[in-house]
Structure formats: structure tokens, C-alpha cells
Amino acid sequence: MDNLELQKIANEVRKGIVTAVYHAKSGHPGGSLSAADIYTYLYFEEMNIDPEDPKKADRDRLVVSKGHTSPGYYSALANRGFFPVEDLKTFRHVGSYLQGHPDMKHIPGVDMSSGSLGQGISAAVGMAVSAKLSGDDYRVYTLVGDGEIQEGQVWEAAMLAAHRKLDNLVVIVDNNNLQIDGPIDEVNSPYPIDKKFEAFNFHVINVDGHDFDSLRAAFKEARETKGVPTAIIAKTVKGKGVSFMENQASWHGTAPNEEQYKVAMEDLEKAGEALCQK
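Positions in the sequence shown are counted from 1; adding 83 to them yields this note's numbering.
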């Protein structure tokens, strides 16, 4: 799939994010939008998955450690065909299978329930260990937030991943520099993120998380890296694609009202039209 196709899909994923959060009147749009291109690349280019057979044994696994970005996760899954895009409007509603955090028991394509920050990466490490022990060749990906890596459990998991030489594991850090309380370097700085993962014996790749050429090269390099796990530090923009949400910590966990929803969707419609003219 070429970059233009991926850009068009990512724009649809962003529309799904805004739609889901608006109809729920709650949720986390900022970090979902920053990760939209990463979700798109994983599900439409990188991962060995099949929407017709979500539990196939040799599928690649994704653990969304920053589970509050479920709107982005669900929108990517829906656009990939795991369930109807229309169901995004039921997000967080009573009786909906699309809960506020990913639920592996009820949502097709979700490999691990998550939400408590710091824990998802540990589950991903466990899956990667399991693959090694069983001689399976599936790969495990986990998406963590840059605020989330303030959690000590992240580094316990990283230590084990390197110790077990889990070259089938890729940790992706969504480095949008904002968390619910503000800039991460003001709240509790994890910088330099790349040097920290290097100190834990990871192969580290720094990328622009909104550039598909950069993402393609990074994931290719990760596949070719042997004997150590890989960390991809993806520099992103919180709220990417929606003018008034970009780089605003206030949109970490705030739903747009009707007027804001219309503006957001207009932004994304214009972006989609521009892509169609390329």
C-alpha cells in the first residue's frame, strides 16, 4: 500500500476517533489522534492479521498499553474490517461492546485488555516470551504513551525483554510530549527516552510518527534486528489533524461539543479532499 492510500485511511481513522468520542460525550481524543498514523500503519501494512479470523494462531499481536486511546484503536480495527465503522457511535454507551478501555473478551481483534498504565507492556513481553518458548514466529507490538513510561513497571518489563533477547517484540512510544497534567518534561521528565531504552539494551529507532516513509523504514529495521528487542520512539503531535486540538493538553480526555465536533469534522473533510487531489 502506498503512502497516499495510508494517508487517506489515517484520515478516516481520525474521523472515527472524533465521531466516537463526540457520541460518547467522553473519551480521549488527543492521544488517539497522535497515534492514528501508527495504528494505520500497523493494521494496514505491518501486521499479519485477518479480520475474518481474528484469533488465528499465527497472527501478530498488538497490546495497546495506553488503553485510554481506545478510540484510535477501535477506529483502526473498524476501518480494517474487524467490526462495522458505524458501531463507533456506540463507544462507551451502556450495553455497547466498545468499552472505554479495550476488552479482549468482547471486541474482535483485541488481543489484550488494557487500561491501567504500565501494565500492557508487561503483557506484551509475556506474549513475546511465549512465542519464543513455543517456537512460533508471530511478532508482538505494544504502544505505550510517553507519560506512561513514568511508570516503573514499564522499565521492569523492558529489563526482562532485553534479558530474554526478545527480537520479536517492538515497543512503540507515542511521544507527543503531553499528558493529562501538561508537558511530560514538566510533570516528570522521562527524557532522553531513546537513551533510557538503549541503557536497557534495546535497539532504538527515532522516527516522525506521522511520516509513513519513516514508519516503514523503522518497522523494516525492527524486523531485521536480531538478538534484542526494538523501541521505536515516534515523535507525534497530540490532537493531530484537528486544528484546535493540536498540542493542547486539555484535549487529553475531553469530548468535543456539537460546535467543536462540526469544526473537527470539517478539518478532516478538508484534509481528505486535499488528499484526493494528489
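Virtual Cβ for every residue (Gly too), placed ideally from N, Cα, C.
Since the model is a prediction, treat every value here as computed from it, not as a measurement.
Please report the residue range of the alpha helix (DSSP H) in which residue i lies.
i: G228; result: Run containing G228: none in the alpha helix (DSSP H); it sits in the beta strand (DSSP E), V223 to G228.
i: N284; result: No alpha helix (DSSP H) contains N284, which DSSP labels as neither H nor E.
i: V346; result: E341 to C359
i: K215; result: G203 to S217
i: R163; result: S153 to R163
Could you check the C-alpha separation between residue i and residue j for me, to the nearest Å?
i: K353; j: D194; result: 34 Å
i: D141; j: E128; result: 16 Å
i: R163; j: P134; result: 7 Å
i: G99; j: F302; result: 25 Å
i: G235; j: E356; result: 44 Å
i: P339; j: L351; result: 14 Å
i: E88; j: V96; result: 12 Å
i: Y274; j: G230; result: 11 Å
i: M187; j: G150; result: 12 Å
Determine the burial state of residue i: buried for a count of at least 16 other Cβ atoms within 10 Å of its Cβ, exposed for fewer.
i: Q360; result: exposed
i: M328; result: buried
i: P266; result: exposed
i: A300; result: exposed
i: E349; result: exposed
i: H176; result: exposed
i: H293; result: buried
Should residue i be flagged as near chain C, meaning a C-beta pair shorter than 7 Å?
i: D141; result: Annotation note: the requested chain C is absent from the structure, which comprises a single protein chain.
From which residue to which residue does the beta strand (DSSP E) around residue i run?
i: L243; result: That residue, L243, is in no beta strand (DSSP E); its alpha helix (DSSP H) goes G235 to H246.
i: I315; result: T313 to K318
i: N258; result: L252 to N258
Residue i and residue j look like a contact to me (Cβ under 8 Å); what is the Cβ gap, rounded to whole Å?
i: L226; j: V101; result: That pair is no contact at about 19 Å.
i: V311; j: K248; result: 6 Å
i: Y124; j: L298; result: 5 Å
Query raised in the report: Quick check: the stretch 305 to 324 against the stretch 254 to 262, are there 3 or more CB pairs under 8 Å?
Result: Yes: the two stretches touch, three or more of their Cβ pairs being nearer than 8 Å.
Query raised in the report: Is it a yes or a no for the stretch 175 to 184 touching the stretch 105 to 113, going by three-plus beta-carbon pairs under 8 Å?
Result: Yes, the stretch 175 to 184 is in contact with the stretch 105 to 113.
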